[in-house]
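2 protein chains.
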Amino acid sequence: MPIKGLIFDAYGTLYDVHSVHAKTEELCPGKGDLITQIWRLKQLEYTWLQTSLQEYRDFTYLTQVSLEFALRAAGVEPSENITKPLFEKYLDLDPYPEAKEALGALKKRGGSQLAILSNGSTAMLSALVKNSGLDALLNATISVDGARKFKPHPDCYALIEKTLGLKNDEVMFVSSNGFDVAGAKHFGFKVAWIRRGGSTPLPPGPVGPAQIYRLLRGNPETLGYLQDYTVAALTDLVGLL
Amino acid sequence: MPIKGLIFDAYGTLYDVHSVHAKTEELCPGKGDLITQIWRLKQLEYTWLQTSLQEYRDFTYLTQVSLEFALRAAGVEPSENITKPLFEKYLDLDPYPEAKEALGALKKRGGSQLAILSNGSTAMLSALVKNSGLDALLNATISVDGARKFKPHPDCYALIEKTLGLKNDEVMFVSSNGFDVAGAKHFGFKVAWIRRGGSTPLPPGPVGPAQIYRLLRGNPETLGYLQDYTVAALTDLVGLL
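Protein sequences, first through last, are from chains Y and W.
Per the numbering used here, residue 2 is the first one in the first sequence, and the count goes up by one each step.
Per the numbering used here, residue 2 is the first one in the second sequence, and the count goes up by one each step.
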């Protein structure tokens, strides 16, 4: 079947979650790296724990409480003058450098709907695509709020057909996150994994928080659901169609 | 209600999961710390991903594939001469130094059943309690195999009443793992959190894999389910009864 929809993960795939680093370092000098990485690791853990606990509190809530966790873990007492600007930066993350060009080329080519399917809450995603200007290039921005589950739960991926009317074999799903690749493949999509920095070998010397993050998230999961394609940048996608 | 059952988490609570470190360092010189920490982080991630994917592959499988992940992440090709002895060591983890004494004192005191409720597979747990001799002190060793879910899914904690006939308010659940504390409290048990090293401040200098692990697992989760008691060692439990 021809691909009729390219569906993108947002955080880590179109948007650089680590672009909160500079603001974190400014507010918590010397601890920007540690807090940024713990924040993101814990934020994802909390999505999975919510599903395990059979609860749903949205990504706005989980992003805020995981930030509190990360600050305390790093020995910083959470106060509004730190948490407010950091959460606001999360609504205005930097897109990866090639994101706009890649989406522009895919839109110009035509023939496929372009959309986001993200763990983000409706409110967070709406701010994010607007602030970055990617909203003009996308047909839809779909939040897992519609399923009240988090990826990789199958109900999340089922939102694609519900929202866009696309069958599984008409979808190419694009993500940098190993768990999301596994979830999308398990659900039955064609999957392109974008390898964000995972391929470079570890630098010599001590392994710090950023490397740990990269190793945990930037390598293929060994759960038995592997991607169909691996790309180095979003601009490589057009060549797969 | 009086407490009629003390239920212990196994990995990280009675048994030191990092006691695989020496063997890992011996087999993969210079990489023992990194591999051990990534292994344990990924092993837990995979339990939550299994629940999210609505699958159940047991802890034996997940422990093996997460080890493969960790070895590859650290640039080591998994081969049987590495994976076999490491998995075997996982069946013979060191109990924490005070575990035997604490269980012995609780057994001598009487009045409460003593049991393990663990993510471990039936086969892994059976080997573990036998190899360490803790089987002689426990009334039961309960695997989440009986629920085909992983903690913190409520079906796991429900195994306590099914197996031991104890009502929620008769149970004191003991764990070092924040997610397990949250799950047990959410389910309705009284919960004692054993703070394994989490209370010591970060040492100065670079933050390495062991510190990251300690920060992620050794601090209370901010999901709104806090323990009733905090203890520094298992031997402090008898004072709570």
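In this text, a Cβ means the ideal position worked out from N, Cα and C, and glycines have one as well.
Computed from a prediction, not measured in an experiment: that's the story for all the values here.
- Nearest C-alpha to residue 148/Y among 138/Y, 119/Y, 104/Y, 170/Y: 119/Y.
- Taking all protein chains shown into account, residue 215/W has 16 or more neighbouring C-beta atoms within 10 Å of its C-beta and is therefore buried.
- With its beta carbon at least 7 Å from every one in chain W, residue 11/Y lies outside the interface.
- Shown here for residue 134/W: same chain residues with a beta carbon closer than 8 Å to its own, the five before and five after excluded, namely 101 in chain order.
- Inter-segment contact for the segment 164-176 of chain W and the segment 5-13 of chain W is present: three or more beta-carbon pairs are separated by less than 8 Å.
- For residue 214/Y, no beta strand (DSSP E) run applies; the uninterrupted alpha helix (DSSP H) run containing it begins and ends at 210-218, by DSSP.
- Here the segment 54-67 of chain W makes no contact with the segment 38-58 of chain Y; the two share fewer than three CB pairs at distances below 8 Å.
- DSSP places residue 119/Y in the uninterrupted beta strand (DSSP E) bounded by 114-119.
- The alpha helix (DSSP H) runs lying completely inside the segment 139-196 of chain Y and spanning 4 residues or more are 155-158, 160-165, 179-188, given in chain order.
- Shortest Cα-Cα distance from residue 18/Y to any of 182/Y, 207/Y, 87/Y involves 87/Y.
- If you draw a 10 Å sphere on the C-beta of residue 80/W, you find fewer than 16 other C-beta atoms in it, and that means exposed.
- The straight-line gap separating the alpha-carbon atoms of residue 187/Y and residue 47/Y is approximately 21 Å.
- Proximity of chain W to residue 39/Y at the Cβ level (cut-off 8 Å) is accounted for by 213, 216, 217, in chain order.
- The criterion of a C-beta distance shorter than 7 Å is not satisfied by residue 117/Y and residue 75/Y.
- For residue 204/W, the closest alpha carbon among the candidates 196/W, 213/W, 197/W is that of 213/W.
- Residue 77/Y carries a coil assignment under DSSP once its states are collapsed to helix, strand and coil.
- Non-local C-beta neighbours of residue 69/W in its own chain, meaning closer than 6 Å and more than five positions away in sequence, comprise 79, ordered along the chain.
- Taking each of 42/Y, 238/Y, 228/Y in turn and checking the Cα distance to residue 192/Y, the smallest one comes out for 228/Y.
- Per the C-alpha coordinates, the member of 168/Y, 151/Y, 207/Y positioned closest to residue 180/Y is 151/Y.
- Sequence-ordered contacts of the segment 79-112 of chain W with chain Y are nonexistent [C-beta pairs closer than 8 Å].
- Residue contact check for residue 178/W against chain Y: no CB pair falls below 7 Å.
- The Cβ atoms of residue 183/W and residue 226/W sit closer than 7 Å to each other.
- Per DSSP, residue 129/W is one residue of the alpha helix (DSSP H) stretching across 123-133.
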